[in-house]
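In what follows, a structure is listed as structure tokens, so that the remarks can point back to it.
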Amino acid sequence: MMEKGLHDIENLTREDLELVLQTSDTFLEICTRKVKKIPTLRGKTICLFFIEPSTRTRISFEIAAKRMSADVINFTASTSSLQKGESLTDTVKTIMAMGVDLFVLRHSAPGSSRKVEQVAGVPVINGGDGPHAHPTQAMLDLYTIYRHKKKFQDLKVAIIGDIFHSRVARSNIFSLTKMGVDVTLCGPPTLIPKEIEKLGVRVTYSVEDACRNADVIMCLRMQLERQQSGLFPSMREYIQLFRIDDRRFALAKDDAIIMHPGPMNRGIEITPEIAYHPRSVIEEQVTNGVAVRMALFYLLLGRGNEEITD
Amino acid sequence: MKKLLIKNARVLSPEDGIDEILDIVIRDRKIEKIGKRLTGDETMDMAGLVVCPGFIDMHVHLREPGYEEKETVYTGTKAGLRGGFIALACMANTKPVADNRATLEFILNQNQKAGFLKLYPIGAVTKGQKGEELAEIADIYAAGAVAISDDGKGINSCAIMRRALEYNKMFHGPLIVHAEEQTLAKDGMMNEGLVASLLGFHGIPREAEDVIVARDLELIASTDSSVHFAHVSTLRSTALIREAKKKGLPVSAEVTPHHLLLTDTAVKSFDTNTKVNPPLRTLNDIEALCEGLRDGTIDAIASDHAPHTFEDKDCEYSFAPFGISGVETSVPLMLTYIVKKGVLTLGDFVRKVSVNPAKILHLPLGTIREGTEANLTVLDLEASGEVDPEIFLSKGRNTPFKGWKYTGRAVYAIVDGRVNKIG
Ligand SMILES: [Zn+2]
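So the protein sequences, as listed, match chains A and B. The first sequence lines up with residues 2 to 311 when you count with our numbering. The second sequence lines up with residues 633 to 1055 when you count with our numbering.
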């Protein structure tokens, strides 16, 4: 699997995902040690190439890389500077000339991680390419669900909010359906991508319907600037129709967990009580994110290098 | 004057009811005689080849003036000749826009200097193609335009469109419609549907095309003015045009090779050469377009040749410009994947690339007759090869057809009696 890089979930198999889950267990254990450092990636250089700002994702990758003793370089640029004259190709060539073994790319344009890999000739991990894909987020979500539910078969997962603009939703749809999970999408029809049911998911516009008997409720971040584009009439109306509160959460199974990829708009997609509910696993997702990213670095770059636990 | 004798060719001219092995004598630019066992001063044995009325690509972008790094009249017409065409009609979205006499005369002048083939410029409908005020349409025709079009952009205002249709009735050319409702197409990168949903792209829905076709058909019914729909891409707009033709409305339409041969799944590669406007659609649409070609709903095949530089396309999909460099691949791809696959007979194909474009643009072409100028395309239906953008004569090497195999291509383009061998 992932001989080259990690661009999306769509092209992975169930076995690929299972391998990531297993490997993540090892690295989660390392993350609980007193000295959280292993030499697996000593001498390797990882470039965190962030064309679109994202502090949380970048830090998670950076910690994962450093715990494995890789050298990390941060390259940040704005999409607008790239759009004006300076091409992605030229920038990548420049960085490659300095010697990089792996890129983590965050970019606003779908497909850009493949483009970088073509130019660079080294593996690229897609750290989010516009609304297209966010495979590491989907893997850490899958891992978090697995740690709580210990299975995927017959699980019901509801994904709620702005599906249209969400790379998290897209990648989760693929990872969950590949594992046999029953996925329901819920949001206003203007935020549901066209023909998405063809992927074998259910679509509902009723949040109550989506929450009923769910094992997992996954809220998506509402990007507040989208409100401007008129895809729904007002935040007030959105909250009334789709926010997860006590009443709606109570419709889910008794042991249901609540997830959110962060950063949260508290009070918009989720009430504070639910965000901090005992069955909220939002913080755990962040912790697991580091372990999963370590696992991915290992699978792409560190295998055969050294024993991982020495 | 020397007589050039073309011997033993299969002469195929649907408009003249000819499809047999004949000889043709060309003298002083003109076809002097068509018959059997003719004689001449110089003989070209064309046994095994098909002589057709000269092919016309009625929809190309030559980029000059303004974008000479993408293409010039010189390189674009040279590429057109290589593609087997004896005439091209070029769109007005140059810089400045061809909405005035000076620009049109410049384009014609550049073609005279290049001297490869016949070029028929199309002028803009509105000033600067902004869709706001009518351009000086009379002056545009006086300068040599054969039609008007804001191609590249849709005309969103119903009032402007209606006025343009009314005004254009004074002239001999059609208004060529780029059917795209701009508020629906806005931000769109590809066809709206499952593939766009997977890739996270804003889609360009079929309705962006369909509503404009429906609107314009209503408008021509009331104004009795003729339109030609460029690059039809959807099932529904094909059906609307079919219905309008049944009612006898003055409508014609064209389709491009890429809309016939590729679906939106090609975009999964994120190859920026698959980015076109209108976007690649689905198999359902392709079937409808093929049916439209067969039953005459769609009159013409045109490449919508849209060359871009390597740098223009060497970027993220979202930032790439729309367009395929198509004038050199159109004929071989259509002969292979439309004629050989049985969608069209060779005779019907000749109608789509010669007879009908000539009629739509009122050009004195599309026939093989004694006394007319010798404008002919000669095909070798057995010549095979594969698409290689590295050898394009166009400056634009932006093609999603790289490596596609073909059997059949043009081997001569005869322009006003001058024979050009196509290598
Ligand atoms: Zn065009």
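Ideal placement from N, C-alpha and C gives every residue a C-beta, glycine not left out. As the structure is a prediction and not an experimental result, all values here were calculated from the model.
- In this structure the region 45 to 62 of chain A does not lie against the region 640 to 657 of chain B, because fewer than three pairs of beta carbons, one per stretch, are closer than 8 Å.
- Contact annotation: in the region 926 to 950 of chain B, residues whose CB is within less than 9 Å of a CB in chain A are E943, D946, C947, E948, Y949 and S950.
- With respect to B/L636, B/M676 sits close: the two C-beta atoms are nearer than 8 Å.
- Relative to ligand 1, B/G784 has its C-beta within less than 7 Å of a heavy atom.
- Here the C-alpha atom of A/L22 lies approximately 27 Å from the C-alpha atom of A/K116.
- In this structure, A/D216 lies away from A/K179, with their beta-carbon atoms at least 8 Å apart.
- In the displayed model, B/A779 falls within a strand according to three-state DSSP.
- Relative to ligand 1, B/M690 has its C-beta separated by 7 Å or more from all heavy atoms.
- For B/L740, the closest Cβ of chain A is not nearer than 8 Å.
- For B/A719, the pairing in a beta bridge is given by DSSP as B/I688 and B/K750.
- Between ligand 1 and B/A730, a heavy atom-to-CB distance of less than 7 Å is absent.
- In the DSSP assignment, B/Y1044 falls within the unbroken beta strand (DSSP E) covering K1037 to V1047.
- Cβ-Cβ distances below 6 Å link A/S172 to I10, A134, H135, P136 and A139 in the same chain, with the five nearest sequence neighbours on each side left out; the list follows chain order.
- By the rule that beta-carbons nearer than 8 Å mark a contact, A/L89 touches chain B.
- Relative to the non-hydrogen atoms of ligand 1, the Cβ of B/M723 comes within a distance shorter than 7 Å of at least one.
- With a contact defined as Cβ atoms closer than 8 Å, B/D783 and B/H810 qualify at about 4 Å.
- Ranked by Cα distance from A/K199, the first of A/T191, A/F175 and A/I161 is A/F175.
- B/C947: not part of any alpha helix (DSSP H); DSSP gives it neither H nor E.
- In the pairwise beta carbon analysis, the region 150 to 161 of chain A is classified as not touching the region 977 to 992 of chain B: fewer than three pairs are separated by under 8 Å.
- Of all residues in the region 110 to 141 of chain A, only A110, P111, G112, S113, R115, K116, D130, G131, P132, H133 and A134 place a beta-carbon less than 8 Å from a beta-carbon of chain B.
- By the Cβ neighbour-count rule, B/S854 is exposed, with fewer than 16 other Cβ atoms within 10 Å of its own.
- Secondary structure at A/D9: coil, using DSSP grouped into helix, strand and coil.
- For the pair B/E923 and B/V864, the Cα-to-Cα distance works out to about 13 Å.
- Where B/S645 is concerned, the enclosing beta strand (DSSP E) starts and stops at K635 to S645.
- Cβ contact annotation for B/G667 (same chain, cutoff 7 Å, sequence separation greater than five): L654 and D655, in chain order.
- The beta carbon of B/I739 sits closer than 8 Å to those of L694, E696, P697, V705, C722, T726, A730, L751 and P753, all from its chain and outside the five residues before and after it, given in chain order.
- In this chain, the beta strand (DSSP E) harbouring B/A885 covers V883 to V887.
- B/V683 and B/I1046 have their C-alpha atoms spaced approximately 10 Å apart.
- B/F942 counts as exposed, since fewer than 16 other C-beta atoms from the protein chains shown sit within 10 angstroms of its C-beta.
- For A/L22, the enclosing alpha helix (DSSP H) covers residues R15 to I31.
- B/I1054 carries a coil assignment under DSSP once its states are collapsed to helix, strand and coil.
- The three-state secondary structure of B/V987, taken from DSSP, is helix.
- Contact between A/S114 and A/L106 holds, with the beta-carbon distance rounding to 5 Å and staying under 8 Å.
- In this chain, the beta strand (DSSP E) harbouring B/G667 covers K662 to G667.
- Taking the CA atoms as reference points, B/V985 sits about 6 Å from B/I688.
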